[in-house]
Amino acid sequence: MTNIINFLFEEQRSVHVLYSYEGMEQYIEDVVNFIQQGILAGDFIILIENDHIYPLIQRELIIRLNKDQLEFVHYVNNFDFYFSSGSYHPPAITEYFNNIVQPYIYNNILFRSWAHVEWSSIEEPLHLIEDFEKIVDEAVHTLSFPLICAYESNRMPDYLTTILMEIHPYILLKNNIIISEKYQSLKDEK
Numbered sequence: 096m097t098n099i100i101n102f103l104f105e106e107q108r109s110v111h112v113l114y115s116y117e118g119m120e121q122y123i124e125d126v127v128n129f130i131q132q133g134i135l136a137g138d139f140i141i142l143i144e145n146d147h148i149y150p151l152i153q154r155e156l157i158i159r160l161n162k163d164q165l166e167f168v169h170y171v172n173n174f175d176f177y178f179s180s181g182s183y184h185p186p187a188i189t190e191y192f193n194n195i196v197q198p199y200i201y202n203n204i205l206f207r208s209w210a211h212v213e214w215s216s217i218e219e220p221l222h223l224i225e226d227f228e229k230i231v232d233e234a235v236h237t238l239s240f241p242l243i244c245a246y247e248s249n250r251m252p253d254y255l256t257t258i259l260m261e262i263h264p265y266i267l268l269k270n271n272i273i274i275s276e277k278y279q280s281l282k283d284e285k
């Protein structure tokens, strides 16, 4: 995964990738590689992650990175991020994200982001995820930064999978990046 992602990120900064994962061990390896390679490329990392998974990631990072490199990682609790307003509310999430990235943008600091998207139950209104992902896709292009959105595959109903493939121009599948044939650019909708 690492070489493919880095090649893509070197070619263009505005990259929005859907990553559907199946096992925690592989997930940890992939996110750690993403962070490590990003730091080696000179990017800061905004990691939006579950507070139960982050210590596992951090344990691996401590092994692979030195103290100065660890300073490049900005951890954000994904529950606080997605539910900052008390519910999954796209405008509140967008405002939270803008506050996080503002110092990087203001100071012309390159960054990349990994967002572990989770919700408490399948009853959550999936259209809100669609609304938010559209906002994110526009932000990736406007602010010119790479982003991987990670979803647990067994929690993705077919309807959500279809929507996500329409919103993400790139899909990470089994260590390979493919272009989504279903991607519908926001420019196409206007």
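Mind the numbering: the sequence shown is residues 96 to 285 in the working numbering, read in order.
Glycine included, C-beta positions come from ideal geometry on N, C-alpha and C.
Computed from a predicted model, the values in this text were never measured in an experiment.
Straight-line gap, residue i to residue j (C-alpha atoms, nearest Å)
i    : j    : result
F174 : E261 : 25 Å
N145 : D125 : 15 Å
Y191 : V235 : 15 Å
H88  : H147 : The chain is shown from 96 up to 285; residue 88 falls before or after that span and cannot be answered.
I224 : P185 : 8 Å
L268 : S115 : 7 Å
G137 : T256 : 32 Å
E233 : M119 : 29 Å
P198 : T237 : 16 Å
Y254 : Q107 : 30 Å
S248 : N161 : 33 Å
D226 : E213 : 15 Å
Y122 : I272 : 16 Å
V112 : H211 : 12 Å
I157 : V168 : 11 Å
Residue i, enclosing beta strand (DSSP E) - first and last residue
i    : result
F240 : First-last for F240: undefined, no H or E at that position.
E144 : 139-144
A210 : 206-211
Whether residue i touches residue j by CB criterion (8 Å)
i    : j    : result
F139 : I195 : no
V171 : L142 : yes
I230 : T189 : yes
Q131 : R159 : yes
Cβ neighbour criterion (16 or more within 10 Å) applied to residue i
i    : result
E228 : buried
L135 : exposed
S208 : buried
K285 : Unreliable positioning characterises K285 in this predicted model, as indicated by a pLDDT of 45, which lies under 50. The coordinate reading is nonetheless provided below. K285 is exposed by the Cβ-count criterion.
Y265 : buried
Of the listed residues the options, nearest to residue i (C-alpha basis)
i    : options                : result
P150 : V127, Y201, F167, N161 : V127
F129 : E117, I200, S239, A245 : A245
E117 : H263, Y201, M251, S275 : M251
The alpha helix (DSSP H) enclosing residue i, as first and last residue numbers
i    : result
I262 : 253-262
Below-8 Å beta-carbon distance, residue i vs any chain D residue
i    : result
D253 : In the structure shown, chain D cannot be found, because there is only a single protein chain.
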